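Asks: Before I ask anything, here is the structure I am working with.
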Amino acid sequence: MSALAYPDHITATYYLVLAAILFTIGAVGLLVRKNTLVMFMCIELMLNAANLTFVSYANALNDISGQVIVFFTLVVAAAEVAVGLAIIIAIFRRRQSVNADDVDLLKG
Amino acid sequence: MDAVVFFICAAAVVVGALGVITGRNAVHSALFLLLTLVSIAVLYLQQHAALVAAIQIVVYASAIVVLFLFVITLLGVDKQEPTDDSHPVQRVAAIVLGALALTGILVLVHGNRWVTGAHSTRGALGTAESGNVETLAKSLFTDFFWAFEITAVLLVIAVVGSVVLARRSGHRAEAPDAEAGEPGARAEGERAPV
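Protein sequence lines correspond, in order, to chains A and B.
Residue numbering for the first sequence follows the numbering used here, starting at 2 and increasing by one per position.
Residue numbering for the second sequence follows the numbering used here, starting at -4 and increasing by one per position.
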């Protein structure tokens, strides 16, 4: 009996598999895209996959702390987006581009 | 019923995520991101996390996506990008490694072996009817109080940092430029604001 046959009850495994797929898509997107704005969105996808895992475990273990930690992830995500977009704007002022390949000052 | 809601939302999550990474237009990527975030909020609701779902909508689906769209349109990069083939090896390697990582995770998840551990160490979730805002707040302001204070510091640092980063760095460079009369630097300082 496969764990993923059509279910009458959705267990935590389904959410964990979905979160794993979402995280992988985000990670692959971060590596293949060159637009820094889209790369940031991929980071958001990965953070959301982590949040989904936390909430799934909170539900599976009937424990509130998984949901509390989602708040901290949200705060970190919000801070990261604010600082990241400010950096993108600063780079765009210098280079007139949001392409990650154009930012190669440290390449030597 | 649970299964129907789950599979519809899961399909929307995956379609939205694929749309984010394949969209040629950054605005389309942001809108696909919105689809993913809202579907995840529904999945939170399904798992007795009503407050988390509400905050997901308010913070992620509203604030963060609007911030993305604002920056995309502010910078004027909301047009089709040409297909980028400068790193074909990197692209193929990323997809292969991603598939490998996903396979590894799925092998680990298989059989539901992960969901083990002590139950309700910080308080139970509560029923679907009563909600769990009170339990959540109690845990946040007792067990996690130190982390809560630290996030306040983090947010202040992020706000100050983004203001410093996004400010035009013109006026600091102005005084030496006026003396040296460097035309390149002055042209940069006088560029029309983006």
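Idealized CB from N, CA, C, for every residue including glycine.
Just so you know, these numbers come straight off a predicted model, no measurement behind them.
Is there a C-beta anywhere in chain A that falls below 8 Å from the one on A7 (chain B)?
Replies: No, its Cβ sits nowhere closer than 8 Å to a Cβ of chain A.
Asks: Mind pulling the alpha helix (DSSP H) runs of 4 or more residues that sit fully within the region 5 to 61 of chain B?
Replies: With a minimum length of 4 residues, the continuous alpha helix (DSSP H) runs that stay inside the region 5 to 61 of chain B are 21 to 41 and 45 to 50.
Asks: Note down, in chain order, all residues in the region 86 to 105 of chain A with a beta-carbon under 7 Å from any beta-carbon belonging to chain B.
Replies: The residues in question are L86, A87, I88, I89, I90, A91, F93, R94, V99 and D102.
Asks: How would you list, in chain order, the residues of chain A whose beta-carbon sits under 7 Å from the beta-carbon of E76 (chain B)?
Replies: Ordered by position in chain A, the residues that pass the 7 Å Cβ test against E76 (chain B) are N36.
Asks: In whole angstroms, give me the CA-to-CA distance for L40 (chain B) and A48 (chain B).
Replies: Each residue's alpha carbon lies about 6 Å from the other.
Asks: At the level of alpha carbons, what is the spacing between A142 (chain B) and A78 (chain A)?
Replies: A142 (chain B) and A78 (chain A): Cα-Cα distance of roughly 15 Å.
Asks: Does the separation of the CB atoms of V39 (chain A) and A88 (chain B) fall below 8 Å?
Replies: Going by C-beta atoms, V39 (chain A) is not nearer than 8 Å to A88 (chain B).
Asks: So, with DSSP's three-state summary, where would you put N63 (chain A)?
Replies: Correct three-state label for N63 (chain A): coil.
Asks: Could you name the residues of the same chain whose beta carbon sits closer than 7 Å to that of L131 (chain B), not counting the 5 residues immediately before and after it, in chain order?
Replies: Once the five neighbours on either side are set aside, the close Cβ partners of L131 (chain B) are L46.
Asks: Taking the Cβ atom as the reference point for each residue, do V23 (chain A) and L53 (chain A) lie within a distance shorter than 8 Å?
Replies: The amino acid occupying residue 23 (chain A) in the given sequence is Leu; Val does not appear at that position. Yes, Cβ-Cβ distance for L23 (chain A) and L53 (chain A) is below 8 Å.
Asks: Just the C-alpha distance for L38 (chain B) and L48 (chain A), rounded to the nearest angstrom, thanks.
Replies: Answer to the nearest angstrom: the Cα atoms are 15 Å apart.
Asks: Smallest Cα separation from F73 (chain A): which of B:I50, B:V72, B:F63 and B:V60?
Replies: Answer by Cα proximity: B:I50.
Asks: Counting only Cβ-Cβ distances shorter than 9 Å, please list the residues of the region 13 to 42 of chain B near chain A, keeping chain order.
Replies: Correct list: L13, V15, I16, T17, G18, A21, S24, A25, F27, L28, T31, L32, I35, L38, Y39, Q41 and Q42.
Asks: Of all Cβ atoms in chain A, is any one closer than 8 Å to the Cβ of I3 (chain B)?
Replies: Answer no: the Cβ-Cβ gap between I3 (chain B) and chain A never drops below 8 Å.
Asks: Rounded to whole angstroms, what's the CA-CA distance from L13 (chain B) to A113 (chain B)? Just pull it up for me.
Replies: About 36 Å.
Asks: Quick check on the burial criterion: 16 or more other C-beta atoms within 10 angstroms. Buried or exposed for M43 (chain B)?
Replies: The sequence given here has His at residue 43 (chain B), not Met. Burial call: buried.
Asks: So with CB distances below 9 Å, who are the chain A contacts of S57 (chain B)?
Replies: Correct list: empty, because the minimum Cβ distance to chain A is about 11 Å.
Asks: In angstroms with no decimal places, state the Cα-to-Cα distance between A59 (chain A) and T14 (chain A).
Replies: One C-alpha to the other measures close to 13 Å.
Asks: So, with DSSP's three-state summary, where would you put N100 (chain A)?
Replies: If DSSP states are grouped into helix, strand and coil, N100 (chain A) belongs with the strands.
Asks: What residues match up with N36 (chain A) in a beta bridge as DSSP calls it?
Replies: N36 (chain A) is bridged to A:N100.
Asks: Under a Cβ-count criterion, where at least 16 other Cβ atoms within 10 Å of its own Cβ denotes burial, should Q68 (chain A) be classed as buried or exposed?
Replies: Result: buried.
Asks: Give every residue of the same chain whose Cβ lies closer than 8 Å to the Cβ of A91 (chain A), excluding the five residues on either side of it in the sequence, and list them in chain order.
Replies: Same-chain partners within the cutoff: there are none.
Asks: Using a cut-off of 7 Å between C-beta atoms, extract the partners of L75 (chain A) located in chain B.
Replies: Result: I50 and V54.
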